[in-house]
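**Q** Below is one structure. I have some questions about it.
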Amino acid sequence: MASSDIGLAGELVGGGMEKEKTAAEMSAIMERIRLEDEESRVQAAGEIRRLTKTSSKHRRQLSDAIEPLVSLLRSGSPESGEAAILALLNLAVEDERNKIKIVEAGALQSLLHLLQSTNSSLQEYATAAVLTLSASPINKPKISASDAIPLLVKILGDGNPQAKNDAVRALYNLSAIAENLKVILPLQPVPSLINLLKTCKKSSRTAEKCSALLESLVNFEEGRTALTAAEGGVLTVIEVLEEGSLRSREHAVGTLLTMCESEQYCRYRELVLNEGVIPGLLQLTVQGTPKSQVKARVLLQLLRSSRHHKSEPRPDTLDSSVCNIVSKIDSADQTRKAKKMLAEMVQISMEMSLRHLQQRASM
C-alpha cells in the first residue's frame, strides 16, 4: 500500500501508528505547499485535493493551506491554477469557515480572471468554485460586489454544459440578495435560462434553479417581457410545470401566476392559454405541493374568468370557479367531475388557440 493510502486507511481504522503517519503526512504537505518550487507546490495541492475529497477532518487540519493555495492560484500557469482551484474546492465543500477563509485570502480576483479564461476546463472549475463559495451567507455580499454576476451570466450563455449548470446555481445563490436581481435582469439572462431549461432534465436540480430564478425575474415587467419574447419561453415553463420535480413545478406555476396577475394580465393569460397550460394545472391541483396546489387553483380561476370579458374574479364567486370545484369534490365523484372540468377548460383553451390562429392568419 502506498504511503498516501496508509494515511487514509489509518483514519478509518483509528490505529495509533497510522494516526502518527497521517499527522506526519499533513506536516509534510504543509511544508511543500509553502515552498518556492512550483512543481512541489502543485504536487502538494494534488495531495490536499485527495485528502480533503471526502474527509471533513482533513479539511479542518489542512485549512492553513488556503493562503498558499490562493498564492498558487495567482501564479498564472494553467497547471498551477487547476491544481490550486481543485484543492480549494475540496477544502470549501461543507465547510463554512473554509469558504469564508478562501474569500478573505483574496481568491475572488483570481477566480474572476479564470471565469474569463479561454481554457474551458479552468473556466468550469472557477465557476464551480464561485458556486461553492456563494453558498456562504457571509460571502454573498462580497461576491456580489465583484464583477462575478456579469461573468456568470455570460457563462450561462456560452460556457460548457457543466459551467452553465454551475453558473445558474451560483446566480440563484446570489439572487438571495434582492438587489442582485436588478443587476442580473439588464444582462438579459432569460433566453439563456430558457435554453438551459430546454436541454436539461426537467426534474434536475439545474431545472429547479432555472425555474426559481425565472420566478424571481418575472416580478419585473422587463423579465416578463423577456420570457414571452424568448423562443418557446412560455411553453418551456409549462413543460417544467408538467414534467419537473415538485419544487420546479412550484416555481413554474408561480412564474405563470405572477405573469397572469400583472398589469398586462390580459396579454399574458392569452399566451398561457394558447400554450395549453390547463392539463398541467389540473394535475398540479392534485399532485403538487400545498403551495403549488393553491397557485394552480388561483391560476385556473384567473384563466377561466379571462374568457368572460377578462374580468377579475371576486372571492365570493369561488363556488362557481374551477379552483373551488377541484378543492371540494368528493372522492367518489372525483373522476366524473374532473373529466367535466377538464372538458370545459380544454374547450376554453381550444377557443383561445383558434382565435390566436385566426389573428395570425389575418396579419
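Numbering (the UniProt record's numbering), first residue to last: 1 to 363. Where a beta carbon is used, it is the ideal one built from N, C-alpha and C, also for glycine. All figures in this text were calculated on a predicted structure; none of them were measured in a lab.
Keeping to the same chain, check which residues put their C-beta closer than 6 Å to that of Glu242; ignore five residues upstream and five downstream.
**A** Residue numbering aside, residue 242 sits at position 242 when the sequence shown is read from its first letter. These residues qualify, in order along the chain: Gly280.
**Q** Spatial neighbours of Ser203 within its chain, please: C-beta separation below 8 Å, excluding the five flanking residues on both sides.
**A** Indexing the sequence shown from 1 puts residue 203 at position 203. Result list for Ser203: Glu243, Gly244, Ser245, Ser248, in chain order.
**Q** Can you grab the Cα-Cα spacing for the pair Gly159 / Cys210, in whole Å?
**A** For the purposes of this step, residue 159 is taken as residue 159 along the sequence shown, with counting starting at 1. For the purposes of this step, residue 210 is taken as residue 210 along the sequence shown, with counting starting at 1. Approximately 16 Å, taken between the alpha carbons.
**Q** Compute the minimum distance between the beta carbon of Ala44 and the heavy atoms of the ligand PLP, and state whether it is under 7 Å.
**A** Looking for the ligand PLP in the displayed structure turns up nothing, as the structure carries no ligands at all.
**Q** Taking all protein chains shown into account, decide if Ser136 is buried (16 or more other Cβ within 10 angstroms of its Cβ) or exposed.
**A** Here residue 136 corresponds to residue number 136 of the sequence shown, with the count starting at 1. Buried: at least 16 other Cβ atoms inside 10 Å.
**Q** For Ile138, name the three-state secondary structure that DSSP assigns.
**A** As a position in the sequence shown, residue 138 is number 138, starting the count at 1. Three-state result, Ile138: coil.
**Q** Of the choices Thr285, Leu72, Leu193, whose alpha-carbon is the least far from that of Gly46?
**A** In the sequence shown, the residue the question calls residue 46 occupies position 46. For Gly46, the nearest C-alpha among the options comes from Leu72.
**Q** What does the Cβ neighbour count give for Ser80, buried or exposed, with the cut at 16 atoms within 10 Å?
**A** Here the question's residue 80 lines up with position 80 in the sequence shown. Ser80 should be labelled buried.
**Q** I'd like to know if the segment 222-229 and the segment 274-289 are in contact, where contact means that at least 3 CB-CB pairs between them fall below 8 Å.
**A** No, they do not touch.
**Q** Less than 8 Å between the beta carbons of Ala163 and Gln123, yes or no?
**A** Here residue 163 corresponds to residue number 163 of the sequence shown, with the count starting at 1. Here residue 123 corresponds to residue number 123 of the sequence shown, with the count starting at 1. Yes, they are a contact pair.
**Q** What number of angstroms, rounded off, separates the C-alpha of Ala107 from the C-alpha of Val153?
**A** Counting from one through the sequence shown, the residue named residue 107 turns up at place 107. Counting from one through the sequence shown, the residue named residue 153 turns up at place 153. Their backbone Cα atoms lie some 20 Å apart in a straight line.
**Q** Here's a check: name, in chain order, each residue in its chain whose Cβ is nearer than 7 Å to the Cβ of Pro235, leaving out the five neighbours to either side.
**A** Here residue 235 corresponds to residue number 235 of the sequence shown, with the count starting at 1. The sequence given here places Leu at residue 235; Pro does not occur at that position. Glu275.
**Q** With 16 as the cutoff for other CB atoms within 10 Å, does Asn119 come out buried or exposed?
**A** Locating residue 119 in the sequence shown gives position 119, where the first residue counts as 1. Exposed, since its Cβ has fewer than 16 Cβ neighbours within 10 Å.
**Q** For Ser175, tell me which candidate among Arg205, Leu217, Ser117 has the shortest Cα-Cα distance.
**A** The residue given as residue 175 occupies position 175 in the sequence shown. Closest by alpha carbon: Leu217.
**Q** If we call anything under 8 Å between Cβ atoms a contact, is Asn98 one with Ala105?
**A** The residue given as residue 98 occupies position 98 in the sequence shown. The residue given as residue 105 occupies position 105 in the sequence shown. Cβ atoms of Asn98 and Ala105: not closer than 8 Å.
**Q** Between which residues of its own chain and Ile194 is the CB-CB distance below 6 Å, once the five residues before and five after are set aside?
**A** Translated into positions along the sequence shown, residue 194 becomes position 194. Once the five neighbours on either side are set aside, the close Cβ partners of Ile194 are Ala230, Gly233, Thr236.
**Q** Determine the contact status of Ala87 and Arg60, defining contact as a CB-CB distance below 8 Å.
**A** Position 87 of the sequence shown, counted from the first residue, corresponds to residue 87. Position 60 of the sequence shown, counted from the first residue, corresponds to residue 60. In this structure, Arg60 does not lie closer than 8 Å to Ala87 by Cβ.
**Q** Which residue wins for smallest C-alpha separation from Met30, given the options Glu39, Pro68, Thr54, Ser55?
**A** Locating residue 30 in the sequence shown gives position 30, counting from the first residue. Considering only alpha carbons, the answer is Pro68.
**Q** Inspect the beta-carbon positions of Arg267 and Ser306 and report whether they are closer than 8 Å.
**A** To locate residue 267, count along the sequence shown from 1; it is residue 267. To locate residue 306, count along the sequence shown from 1; it is residue 306. Their beta carbons are not under 8 Å apart, which means Arg267 does not touch Ser306 by this criterion.
**Q** Work out the CA separation of Val190 and Leu214 for me, nearest whole Å.
**A** Taking the first residue of the sequence shown as 1, we reach residue 214 at position 214. Taking the first residue of the sequence shown as 1, we reach residue 190 at position 190. If you take the alpha carbons of Leu214 and Val190, they lie about 7 Å apart.
**Q** Measure from the alpha carbon of Leu300 to the alpha carbon of each residue in Ser262, Ile33, Leu257, then state which is nearest.
**A** The residue you call residue 300 lines up with position 300 of the sequence shown. Comparing Cα-Cα distances from Leu300 to each of Ser262, Ile33, Leu257, the minimum goes to Leu257.
**Q** Taking C-beta to C-beta, are Lys142 and Ile177 nearer than 8 Å?
**A** On the sequence shown, position 142 is the one that residue 142 refers to. On the sequence shown, position 177 is the one that residue 177 refers to. No. Outside cutoff.
**Q** Return the CA-CA distance between Leu227 and Glu250, expressed in angstroms with no decimal places.
**A** Reading the sequence shown from its first residue, position 227 is the one you call residue 227. Reading the sequence shown from its first residue, position 250 is the one you call residue 250. Spanning the two alpha carbons is a distance of roughly 17 Å.
**Q** Given Ser292, which residues of its chain have a CB within under 6 Å of its CB, disregarding the five upstream and five downstream residues?
**A** Here the question's residue 292 lines up with position 292 in the sequence shown. Arg249, Glu250, Val253, Leu284.
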